[in-house]
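For reference, the structure is listed below as structure tokens.
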Amino acid sequence: MSRTGIVAIALTGCALLAACGEKPQTNAEGVKFDAVPWSGTGEQANTGTVFTAPGWKVGDKTAWEQQIKTRMLGQNEYNKEN
Amino acid sequence: MARMKFVCDAERCIECNGCVTACKNENEVPWGVNRRRVVTLNDGVPGEKSISVACMHCSDAPCMAVCPVQCFYRTDEGVVLHDKDVCIGCGYCSYACPFGAPQFPTQGTFGARGKMDKCTFCAGGPEANGSEAEFEKYGRNRLAEGKLPACAEMCSTKALLAGDGDVVADIFRTRVLHRGKGAEVWGWGTAYGSQQAGTPTNGVKQ
Chain A
44 MSRTGIVAIA LTGCALLAAC GEKPQTNAEG VKFDAVPWSG TGEQANTGTV
94 FTAPGWKVGD KTAWEQQIKT RMLGQNEYNK EN
Chain B
196 MARMKFVCDA ERCIECNGCV TACKNENEVP WGVNRRRVVT LNDGVPGEKS
246 ISVACMHCSD APCMAVCPVQ CFYRTDEGVV LHDKDVCIGC GYCSYACPFG
296 APQFPTQGTF GARGKMDKCT FCAGGPEANG SEAEFEKYGR NRLAEGKLPA
346 CAEMCSTKAL LAGDGDVVAD IFRTRVLHRG KGAEVWGWGT AYGSQQAGTP
396 TNGVKQ
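Residue numbers (our numbering), protein chains in the order written: chain A, 44 to 125; chain B, 196 to 401.
Here you go:
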């Protein structure tokens, strides 16, 4: 076999074997983690929008927890007067 | 900190699909994807029971365990969310989930069905809170607005309860004591295990 043929076979083999390689599957960007819910939904940090429920101070963790707890307890109609 | 959970009271659910509609509308979920749906057992038979089903935000989420690209994460409030920029749409999570929560926008073979979509507990996703990108990918972030998920807040009979595990369990317990029946909470054990209210295991296998 000629030298050119051997080189061609070697190159073809390398090209075929390259498909068997494993590309790294690392997450280049990484999973983005969420901002805390009491930081609000406004464009600026710790601000709300017109959709923000009234009655709590955006940015205050304790206020948010109290707000959510109030709404949670509001699901219990046994606490309501009939 | 609260560990957010859902409870569906089968004694109260009247199969009105208000929760499904509220979810669809609030999050503008695309056609063909149902983050929440109502399942009726023994439909048409006297004594039929209906339950509203969506992602239960499991304490030890199987979707999170099987995801090959680790696109899932859990917030401090116990809400299981995922990053659509990382999801490859393989569908493993849909096979692992006991509630059929993961949904895909298109049908197709492995990797050809688009990014997974599921209930976010109305907590948006990893994009900036309230941003357009967050709404487009994940829907509304009601938690950051100081509200509970739309499905539970819209439920007319309050069959569907959402909130901290301890609080919703107390509400449910009060009901059972008053009516004297219907103590079974569908899916609670599957989602949250025998541990009460998703108490962290601190790495110890149960």
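Even glycine gets a Cβ: it sits at the ideal position worked out from N, Cα and C.
For a cutoff of 7 Å on Cβ pairs, would you count Val362(B) as touching chain A? With 7 Å as the cut-off, Val362(B) counts as an interface residue toward chain A.
Check your understanding: So, is the C-beta of Glu340(B) closer than 7 Å to a C-beta in chain A?
Key -> By this cut-off, Glu340(B) is an interface position.
Take the Cβ of Lys400(B) as the centre, count every other Cβ of all protein chains shown within 10 Å, and call the residue buried at 16 or more, exposed below. With a pLDDT of only 48 at Lys400(B), under 50, the local geometry of the prediction cannot be trusted, and no value is derived from it.
Assuming the contact rule is C-beta atoms closer than 8 Å, Phe367(B) and Val202(B) should be a hit. Round their C-beta distance to whole Å, please. 5 Å
task: Tell me where the alpha helix (DSSP H) around Asp365(B) begins and ends.
output: 360-374
Checklist entry - What does a CB cutoff of less than 7 Å around Val261(B) pick up in its chain, not counting 5 residues either side in sequence? => result Tyr287, Cys288, Ala291
Item to check | Terminal residues of the alpha helix (DSSP H) in which Ser289(B) lies | outcome: That run of the alpha helix (DSSP H) goes 287-291.
Under 9 Å between beta-carbons, which chain B residues line up against Thr105(A)? List them in chain order, please.
Residues of chain B passing the Cβ test: none, with the nearest at roughly 11 Å.
**Asked** Is it right to say Gly6(A) is buried, meaning 16 or more other beta carbons lie within 10 angstroms of its own, or is it exposed?
**Response** Chain A is shown only over 44 to 125; residue 6(A) falls outside these bounds and no answer can be derived.
When you compare only the Cα positions, how much space is there between Thr113(A) and Gly303(B)? 44 Å
Range covered by the beta strand (DSSP E) that runs through Val233(B) = 232-236
What is the rounded straight-line gap between the Cα of Gln87(A) and the Cα of Gly239(B)? 52 Å
Next item on the list: Would you identify the three-state DSSP class for Gln87(A), choosing helix, strand or coil?
Entry: coil
Discussion item. Going by C-alpha to C-alpha distance, which of His277(B), Tyr268(B), Phe316(B) sits closest to Leu338(B)?
Written reply: Phe316(B)
Interface partners of Lys123(A) on chain B, CB under 8 Å: Chain-ordered listing is empty here: chain B has no CB closer than 8 Å to the CB of Lys123(A), the nearest sitting near 11 Å.
_Here's the rule: buried if 16 or more other CB atoms are within 10 angstroms of the residue's CB, otherwise exposed. What is Leu343(B)?_
buried
Chain A contact residues for Ile366(B), given Cβ-Cβ distances below 7 Å: Gln118, Asn119
- Query: Do you know how far the Cα of Asn220(B) is from the Cα of Thr394(B)?
  - Reply: The predicted position of Thr394(B) is uncertain, since its pLDDT is 48 and thus under 50; no value can be drawn from it.
Pull out every residue of the region 297-319 of chain B whose Cβ sits closer than 8 Å to any Cβ of chain A, in chain order.
-> Ala318, Gly319
Exercise for review: Using 10 angstroms around the beta-carbon of Arg374(B), count the other beta-carbons present and answer buried if the total reaches 16, otherwise exposed.
Suggested key: exposed
Point to revise | C-alpha gap between Leu116(A) and Phe305(B), whole angstroms | key: Rounded to whole angstroms, Leu116(A) to Phe305(B) spans 44 Å at the Cα level.
Q: Compile a chain-ordered list of the residues in the region 75-93 of chain A whose CB is closer than 8 Å to at least one CB of chain B.
A: Lys75, Phe76, Asp77, Ala78, Val79, Pro80, Trp81, Ser82, Gly83, Thr84, Gly85, Glu86, Gly91, Thr92
Q. When DSSP builds the beta bridges, which residues end up paired with Tyr268(B)?
A. Tyr268(B) is bridged to Leu276(B).
Comparing alpha-carbon positions, which option in Lys313(B), Val281(B), Cys285(B) lies nearest Gln298(B)?
Lys313(B)
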